[in-house]
Structure formats: C-alpha cells, structure tokens
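Residue numbers (my numbering): 148 to 244.
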C-alpha cells in the first residue's frame with residue numbers, strides 16, 4: 148500500500164517535514180506545494196534531508212515558480228492535473244495540515 152504525502156507549509160516554520168520524513172515508506176511519494184516548495188532551496192537542511200532520502204519527490208511547478216525556487220533534477224515538477232493523477236495512483240493521500 149502506498150501513500151502520497153502532501154506538504155504545504157514552509158519547512159522553516161514547524162517540523163511537519165521532519166515528521167513526514169520519519170514516517171514515509173519506501174513505496175510512498177512526497178508532494179511539496181505552497182510554501183513547502185521552500186524546502187528545495189539549495190544549502191538548507193530541508194534540501195539536504197530530501198536529497199539524502201532519495202525518495203520519490205514532486206513539487207507543484209506553479210508554486211515553485213511563484214517563489215523563484217529552482218527545481219532540482221532529482222525532483223519532478225508537476226501541474227494540478229498530474230497532482231490528481233498522483234492521488235489516484237496511490238492508495239492513500241495524507242495531507243500534513
């Protein structure tokens with residue numbers, strides 16, 4: 148069973164990202180949306196944590212673009228229709244509210 152984890156809060160304001168990374172499974176994926184896109188700022192602890200995990204990582208391209216965040220080649224930029232497809236592809240969706 149796989150889960151799509153969806154984060155929308157900045158990793159610099161609370162510990163949702165670190166909590167998610169402790170629970171995420173091998174078959175799971177992580178989608179960064181909204182201010183969670185800030186986790187992709189090179190040289191930061193969240194960036195290093197995401198890179199080190201080697202997990203399947205997605206980011207809403209629109210949100211990264213709005214925050215002037217470059218998307219690394221180890222993450223996939225997606226749009227809203229692709230977000231819907233990801234939700235359908237996984238058994239569960241867990242939004243870290």
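Where a beta carbon is used, it is the ideal one built from N, C-alpha and C, also for glycine.
What you are looking at is a predicted structure, and each value in this text was computed from that prediction instead of being measured.
Residue i, DSSP secondary structure in three states
| i | result |
| --- | --- |
| residue 176 | strand |
| residue 217 | coil |
| residue 222 | coil |
| residue 259 | Nothing about residue 259 can be read from this structure; the chain reaches only from 148 to 244. |
| residue 204 | strand |
| residue 210 | helix |
| residue 182 | helix |
| residue 194 | helix |
| residue 228 | helix |
| residue 237 | coil |
Residues that residue i bridges to, as DSSP identifies them
| i | result |
| --- | --- |
| residue 242 | 153 |
Supposed close pair residue i, residue j - CB separation, criterion 8 Å
| i | j | result |
| --- | --- | --- |
| residue 222 | residue 244 | About 22 Å separates the two Cβ atoms, so there is no contact after all. |
Among the options, the one whose alpha carbon lies nearest that of residue i
| i | options | result |
| --- | --- | --- |
| residue 167 | 217, 185 and 196 | 196 |
| residue 178 | 235, 238 and 224 | 224 |
| residue 192 | 176, 159 and 180 | 159 |
| residue 188 | 152, 227, 218 and 180 | 218 |
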